[in-house]
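Sequential numbering of the sequence shown, starting at 31, is according to our numbering. Even for Gly, the Cβ is constructed at its ideal location relative to N, Cα and C. If you're wondering where the values come from, they're calculated on a predicted model, not measured in any experiment. Structure first, commentary second.
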Amino acid sequence: MNTTQATQDAAQSKLEELRRSIDNIDAALIYMLAERFRHTQAVGKLKATNHMPPADPAREARQVARLRQLAQSAQLDPDFAEKFLAFIIREVIRHHEAIAASEGR
């Protein structure tokens, strides 16, 4: 085996190792999101039962600020973290509105 082939094989092996790590992280993210949504569903039911609004803009603003700070500490782009959280919040509110509608509100 020549040096070029050995280098290519080592690079391929490292690539596969990195991709396995990424796949594991993706799986963990999915399970964490599922757990988060189980809790937000419980919040939605509690809000609907107690005639509370599905959205809480003040909490959402606090969460955005907190997540931006966490992102910065983790060396993740805070704008990306905010967009990611905004998507999750939109989904949570959509679920809360659906729960409220099913509760007859």
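For residue 69, the enclosing alpha helix (DSSP H) starts and ends at 33-79. One thing to note: residue 98 has its Cβ no nearer than 8 Å to the Cβ of residue 87. Contact between residue 85 and residue 55 is absent: CB atoms are separated by about 30 Å, not below the 8 Å threshold. In this structure, residue 129 sits near residue 74, with a CB-CB distance shorter than 8 Å. Annotation: residue 40 to residue 48 spans about 12 Å, alpha carbon to alpha carbon. In this structure, residue 63 lies away from residue 94, with their beta-carbon atoms at least 8 Å apart. In this structure, the beta-carbon distance from residue 125 to residue 42 does not fall below 8 Å.
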